[in-house]
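Notes follow the structure.
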Amino acid sequence: MVYSSRVLALLLALCIALITTLFLSLFESVAASALLVAFFISFSVSYLLIFVVLEFLIFREINKIYKLVGKLKKKELSGLDREKPNALNPLKKINDDIYSFAELKQKEIDELKKLEAFRKEFIADVSHELKTPIFAAQGFVHTLLDGAVNDKTVRTKFLKKAAKSLDGLDILVQDLLTLSHIETGQIKMHFENVDLHKLTQEVFEQFEDKADKRDVRLRIENPGQKVFVYADWQRISQVMTNLISNAIKHSNDGSEVVVSFEVSKKNIITKVHDQGEGISAEHLNRIFERFYRVDKSRSREKGGTGLGLAIVKHVLDGHNTRAEVESTPGKGSVFSFKLPRAKSDVSDGADN
Ligand code: ADP
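See below:
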């Protein structure tokens, strides 16, 4: 009660009026009626002034700050209206500062919550992905130990299957390590002038056997083209390896995987085309997520970890660019990414 602006104004105004009247009463010439008038005038003026100052400049702002802090305690930040800071009233500025601070903290909390959810999901995914090949290999080994080892034909078959599962596990762990190294920044990008033509040729050589087995032809569209970019050779080689490997994996037997380059004044767009099964629209914007596969069982069968495109995305992020994909189910897909032309090369102008 004492702390309301009205009561405080009343008490202060009474004090001021009394002091003024007592002071005037020291003069003998001042009549009693004049003292009464002086008392009332000084009381009313002081009351009005003090009340306005307390109510509108101090109490109202303090109440707002309390309300804000109360809402912050209840985490109801979204329901608050932000006020414009007022240069005349420092309390308004405090209010604004508290709001800004709370807003910043709320953003940080939201971000941490998102990361925590992501971490949980990631651990669940990794455990699941690790479990599958371990479980398969374990099954084969136990069957052998339970007696199948004595049957020569079954023995070799089961050992081969166990080895295949363990190979898959090895690839998965390698991919996870690559992703983790890129994310934690342990792999520093080493930018240099990169001959994309040479790089593609090297990647093609890695996959020659695999492509031959499926009768898939690997071709660079315009081999005479000069295609130098400014990038990290090793990382872009990883991107091309993953894209070309996917293109071969998902190609129809007897078809072609073609790498083409579009050279513009400042950039070069690399495209990997395949004539395979394609990807339907609902999956297109999810395939770059970790462990996302259009067809889980078929991908595993083909030796996929579900991390290839996630690695592509991360590496290209590190080059400030991103992968694009266009696909027609039943006809094939085109994966592409843009990189800046090599520094010494840009001054030569566009090749086409
Ligand atoms: P995976 O190791 O399973 O290939 P990726 O991250 O490389 O994982 O690819 C994710 C999914 O995207 C694949 O499982 C596959 O379904 C789809 N995909 C990727 N590239 C192609 C392609 N060239 N053609 C058709 N589908 C593709």
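The opening residue of the sequence shown carries number 634 in this note's numbering; numbering runs sequentially from there. Glycine included, each C-beta is placed from N, C-alpha and C at the ideal position.
For a test of the three-state rule: what should DSSP assign to residue i, helix, strand or coil?
i	result
H906	strand
D729	helix
G939	coil
G965	strand
D803	helix
D784	coil
N953	coil
V686	helix
N826	strand
E762	helix
A975	coil
N900	strand
Y986	Lying outside 634 to 985, the shown extent of the chain, residue 986 is not represented and no answer is given.
E959	strand
F970	strand
T817	coil
G911	coil
A664	coil
K707	coil
D928	coil
E922	coil
D779	coil
L659	coil
S638	helix
I652	helix
To the nearest whole angstrom, what separates the beta carbons of residue i and residue j, a pair I think is in contact under 8 Å?
i	j	result
L809	L724	The Cβ separation is near 54 Å, so there is no contact.
P973	N900	6 Å
D848	D886	5 Å
K976	N826	7 Å
L668	L659	Not really, about 11 Å apart at Cβ, beyond 8 Å.
H830	D865	With 8 Å as the limit, H830 and D865 do not qualify as a contact, their Cβ atoms being about 17 Å apart.
L687	A642	6 Å
T874	Q839	7 Å
L876	V905	4 Å
V892	I853	5 Å
A731	L701	Reading off the sequence, residue 731 comes out as Ile, not Ala. Going by Cβ atoms, the distance from I731 to L701 rounds to 6 Å, so yes, they are a contact pair.
I912	S966	6 Å
F791	L778	10 Å between Cβ atoms; not a contact.
F970	L942	Not a contact, Cβ separation roughly 12 Å.
F894	Q858	6 Å
I767	L805	The Cβ separation is near 10 Å, so there is no contact.
A844	I881	5 Å
Determine the burial state of residue i: buried for a count of at least 16 other Cβ atoms within 10 Å of its Cβ, exposed for fewer.
i	result
Q771	exposed
Q871	buried
E910	buried
P856	exposed
E736	exposed
S733	exposed
V589	Residue coverage of the chain in this structure runs from 634 to 985, which leaves residue 589 outside it and unanswerable.
M634	Low confidence applies here, because M634 scores a pLDDT of 48, under 50, leaving its location unreliable; read the following figure in that light. Label assigned to M634: exposed.
N696	exposed
H947	buried
Q819	exposed
G780	exposed
T903	buried
R926	buried
N914	The question names Asn, but residue 914 in the sequence shown is Ala. By the 10 Å Cβ count, A914 comes out exposed.
Q908	buried
N728	buried
H814	exposed
L651	exposed
V670	exposed
K764	exposed
T833	buried
I683	buried
F676	buried
N985	Unreliable placement is indicated for N985, whose pLDDT of 39 sits below 50; the coordinate value is still reported in the next sentence. With fewer than 16 other Cβ atoms within 10 Å, it is exposed.
E762	buried
R923	buried
T786	exposed
H775	exposed
K740	exposed
F861	buried
V678	exposed
S884	buried
Does any residue of chain D bring its CB to less than 7 Å from the CB of residue i?
i	result
L949	Looking at the structure shown, chain D is missing, and only one protein chain is on hand.
With hydrogens ignored, establish whether the beta-carbon of residue i is closer than 6 Å to any heavy atom of ligand 3.
i	result
A956	Although ligand 3 was asked about, the structure shown includes only ligand 1 as ligands.
Report task. Report the residue ranges of all beta strand (DSSP E) runs contained in full by the segment 834-898; include only those spanning at least 3 residues, in chain order. Result -> Fully enclosed beta strand (DSSP E) runs of 3 or longer: 850-853, 861-865, 889-896.
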